[in-house]
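**Q** Can you keep this structure in mind? I'll have questions shortly.
Chains as they are written, first to last, in this note's numbering: chain C, 13 to 252; chain Y, 13 to 252.
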């Protein structure tokens with residue numbers, strides 16, 4: 013069934029007028045008609061069964077019926093990823109949504125060669141991926157910041173899995189063994205790797221755990237997906 | 013440094029005339045000139061330092077210098093994946109190369125809706141990914157077969173990690189715990205899932221281990237990358 017992320021509150025009997033983009037999508041692409049059913053969620057009120065009440069050229073109106081699932085959050089996991097080329101960054105956002113990250117934070121490192129990104133476009137990708145993967149919230153893509161600044165302002169109590177391609181690091185699964193769940197972030201470097209200065213800083217951070225991702229060189233998107241997977245399997249909601 | 017997969021034997025002092033495609037790539041894209049160094053491997057003789065000996069419009073000749081790394085194989089891991097749309101299947105082949113699979117076998121299942129693929133194109137992607145990821149062999153992409161046929165002809169002694177999205181399966185990492193390394197295959201279904209008949213057959217196979225990949229719905233490429241990652245971390249060459 014189609015799942016739609018909406019912003020208004022959801023409650024039994026509510027009428028919900030969709031914006032032009034979503035209305036066009038439902039009518040022109042998905043061919044929904046009056047009476048058809050779908051699911052709606054807003055990240056706060058759980059997931060609700062809804063029915064198409066009216067179809068106009070630019071506006072579809074839904075009637076909200078019954079709650080299908082109560083709101084539930086996934087683990088408190090951020091993905092911090094160096095800015096990489098647009099197509100790979102879009103893949104990373106899509107996969108972060110599927111793999112249950114709560115936020116995606118692009119960072120600028122010394123060897124980052126892409127220096128801008130369209131955060132609005134990335135957030136649209138996050139919404140679409142959240143709709144398809146069945147989660148009840150949408151990961152938020154934040155504005156890029158410099159890595160040094162992010163580390164200087166690091167949030168108390170959040171641990172950092174620092175994916176280190178230098179080859180002398182404990183394997184990620186071993187590094188995560190025995191660690192507490194709770195707030196974490198995963199850090200993925202640019203395709204040229206971290207600079208020696210950055211690596212020294214990262215290795216000295218009391219909240220950081222360095223981790224290796226095998227003997228081969230991974231592209232940034234692969235490294236992000238692999239690290240998210242191992243974290244979810246070791247500490248997250250893939251354990252049950 | 014550029015890594016190039018070649019087919020002839022590699023030995024100190026050998027001269028190697030590259031085909032037109034590789035020659036054009038080195039000259040027009042990578043701007044190599046006489047005297048420049050690169051690495052060559054063929055999947056049999058390890059990795060060798062090579063030098064550009066001559067540059068013609070359609071033919072670059074290399075001189076092979078010294079061996080940089082002896083031949084070494086990764087784990088004996090196949091990825092069996094339902095035919096999915098072209099872009100996602102290409103991503104899967106690229107990632108299978110990065111994550112150390114030895115073979116990729118597309119299969120046709122009851123709910124597969126893509127029914128053909130260009131295996132030559134997928135093998136070219138595997139070569140390029142193997143060059144970039146630093147491995148000493150190239151995973152082979154095989155011709156698609158029907159799932160029933162593949163299971164009927166299953167190779168003795170190869171275990172199968174059957175990624176089952178039905179939700180009542182042990183998590184993959186738990187399912188892999190205590191299993192022996194040795195020959196394995198990972199099976200990823202189509203985006204519509206396996207049919208109930210296929211799932212019954214798979215669950216009854218003595219060589220198959222069903223495994224879950226978390227509470228969210230994953231696209232086929234994500235499922236493939238996550239399963240390869242967990243297998244490598246639990247039983248493969250990510251353990252050291």
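By construction, the Cβ of each residue, glycine as well, lies at the ideal position given by its N, Cα and C atoms.
#1: List, in order along the chain, the chain C residues whose C-beta lies closer than 7 Å to that of residue 244 of chain Y?
#2: Would DSSP call residue 117 of chain C helix, strand or coil?
#3: Output the distance between the C-alpha atoms of residue 84 of chain C and residue 25 of chain C, rounded to the nearest integer angstrom.
#4: Please tell me whether residue 164 of chain C and residue 124 of chain C are closer than 8 Å, where the distance is taken between their beta carbons.
#5: From C/193, C/213 and C/210, pick the residue whose C-alpha is nearest to that of residue 169 of chain C; which is it?
#6: Can you give me, in chain order, the residues of the segment 142-153 of chain C that have a beta carbon less than 8 Å from any beta carbon in chain Y?
#7: Report the three-state DSSP secondary structure of residue 255 of chain Y (helix, strand or coil).
#8: If we ignore side chains and look at the alpha-carbon of each, how far apart do residue 23 of chain C and residue 62 of chain C end up?
#9: Pick helix, strand or coil for residue 129 of chain C, following the three-state DSSP scheme.
#10: Check each residue of the segment 97-112 of chain C: if its Cβ is closer than 9 Å to any Cβ of chain B, include it; give the result in chain order.
#11: By how many angstroms is the C-alpha of residue 242 of chain C removed from the C-alpha of residue 247 of chain Y?
#12: Per DSSP, which one or two residues make a beta bridge with residue 79 of chain Y?
#13: Take residue 13 of chain C and list the residues in its own chain whose beta-carbon comes closer than 8 Å to its own, dropping the five residues that flank it on each side.
#14: Does residue 178 of chain Y come out as helix, strand or coil in the three-state DSSP assignment?
#15: In whole angstroms, what is the alpha-carbon distance linking residue 178 of chain Y and residue 146 of chain C?
#16: Could you check the C-alpha separation between residue 240 of chain C and residue 225 of chain C for me, to the nearest Å?
#17: Using only CA atoms, which one of Y/195, Y/211 and Y/222 lies nearest to residue 182 of chain Y?
#18: Provide the residue span of the alpha helix (DSSP H) that contains residue 234 of chain Y, from first to last.
#19: Can you pull the chain C residues whose beta carbon is under 8 Å from the beta carbon of residue 183 of chain Y, in chain order?
#20: Output the distance between the C-alpha atoms of residue 77 of chain C and residue 59 of chain C, rounded to the nearest integer angstrom.
#21: Which of helix, strand or coil does DSSP assign to residue 88 of chain Y?
#22: Grouping DSSP H, G and I as helix and E and B as strand, with all else coil, what is residue 33 of chain Y?
#23: Smallest Cα separation from residue 238 of chain C: which of C/172, C/28, C/185 and C/218?
#24: If we call anything under 8 Å between Cβ atoms a contact, is residue 96 of chain C one with residue 126 of chain C?
#25: By how many angstroms is the C-alpha of residue 32 of chain Y removed from the C-alpha of residue 72 of chain Y?
#26: Tell me the rounded alpha-carbon separation between residue 206 of chain C and residue 187 of chain Y.
#27: Applying the 10 Å Cβ sphere with the 16-neighbour rule, what's the burial state of residue 252 of chain Y?
#28: Using CA coordinates, which residue listed in C/40, C/129, C/64 and C/113 is at the minimum distance from residue 156 of chain C?
#29: Under the assumption that residue 91 of chain C contacts residue 113 of chain C (Cβ atoms under 8 Å), give the Cβ distance between them as a whole number of angstroms.
#30: From the beta carbon of residue 231 of chain Y, is the nearest beta carbon of chain C less than 8 Å away?
#31: Can a CB atom of chain C be found closer than 8 Å to the CB of residue 221 of chain Y?
#32: Classify residue 218 of chain C as buried or exposed, calling it buried when 16 or more other Cβ atoms lie within 10 Å of its own Cβ.
#33: Whose C-alpha, out of Y/106, Y/115 and Y/120, is nearest the C-alpha of residue 203 of chain Y?
#34: At a CB-CB cut-off below 8 Å, which residues of chain C make contact with residue 121 of chain Y?
#35: Looking only at its own chain, which residues have a Cβ that is under 7 Å from the Cβ of residue 140 of chain Y, when we skip the five neighbours before and after it?
#36: Along the beta strand (DSSP E) that carries residue 104 of chain C, what are the first and last residues, could you check?
**A** A quick look at the data gives this:
#1: Here the neighbours are 226.
#2: The answer is strand: DSSP assigns residue 117 of chain C an E or B state.
#3: Straight-line Cα distance between these residues: approximately 22 Å.
#4: No, these two residues do not count as a Cβ contact at 8 Å.
#5: Closest option to residue 169 of chain C, Cα to Cα, is C/193.
#6: Answer in chain order: 144, 145, 146 and 147.
#7: This structure leaves residue 255 of chain Y out entirely; chain Y is present only between 13 and 252.
#8: Between residue 23 of chain C and residue 62 of chain C, the C-alpha separation is close to 10 Å.
#9: Looking at residue 129 of chain C - three-state DSSP - the assignment turns out to be coil, as it is neither helix nor strand.
#10: In the structure shown, chain B cannot be found, because the protein chains are C and Y.
#11: When the Cα atoms are used, residue 247 of chain Y and residue 242 of chain C turn out to be separated by approximately 14 Å.
#12: Partner(s): Y/60.
#13: The beta carbon of residue 13 of chain C lies closer than 8 Å to those of 49, 50 and 51 in the same chain, with the five residues before and after it left out.
#14: In the structure shown, residue 178 of chain Y sits in coil (DSSP, three-state: anything other than H, G, I, E or B).
#15: Their Cα atoms are separated by approximately 14 Å.
#16: Straight-line Cα distance between these residues: approximately 11 Å.
#17: Residue 182 of chain Y has its Cα closest to that of Y/222, out of Y/195, Y/211 and Y/222.
#18: Counting along the chain, the alpha helix (DSSP H) containing residue 234 of chain Y begins and ends at 232-247.
#19: Residues of chain C passing the Cβ test: 245, 250, 251 and 252.
#20: Going by the C-alpha atoms only, they are around 11 Å apart.
#21: The answer is coil: DSSP assigns residue 88 of chain Y none of H, G, I, E or B.
#22: The DSSP-derived three-state label of residue 33 of chain Y is helix.
#23: Ranked by Cα distance from residue 238 of chain C, the options C/172, C/28, C/185 and C/218 are led by C/185.
#24: Against a cut-off of 8 Å, the Cβ pair of residue 126 of chain C and residue 96 of chain C comes out as a contact.
#25: Between residue 72 of chain Y and residue 32 of chain Y, the C-alpha separation is close to 8 Å.
#26: Their Cα atoms are separated by approximately 35 Å.
#27: Classification of residue 252 of chain Y: exposed, given that the 10 Å Cβ count is below 16.
#28: Residue C/129 is the option with its Cα nearest to residue 156 of chain C.
#29: With 8 Å as the limit, residue 91 of chain C and residue 113 of chain C qualify as a contact, their Cβ atoms being about 5 Å apart.
#30: Output row for residue 231 of chain Y: interface = yes.
#31: It does not: the Cβ of residue 221 of chain Y has no partner Cβ on chain C nearer than 8 Å.
#32: The residue in question, residue 218 of chain C, is exposed, as its Cβ has fewer than 16 Cβ neighbours within 10 Å.
#33: The closest CA to that of residue 203 of chain Y, considering only Y/106, Y/115 and Y/120, is found on Y/120.
#34: Neighbours of residue 121 of chain Y on chain C: none; closest Cβ ~20 Å, over 8 Å.
#35: Once the five neighbours on either side are set aside, residue 140 of chain Y has no close Cβ partner at all.
#36: Note, residue 104 of chain C: premise wrong, no beta strand (DSSP E); alpha helix (DSSP H) at 98-110.
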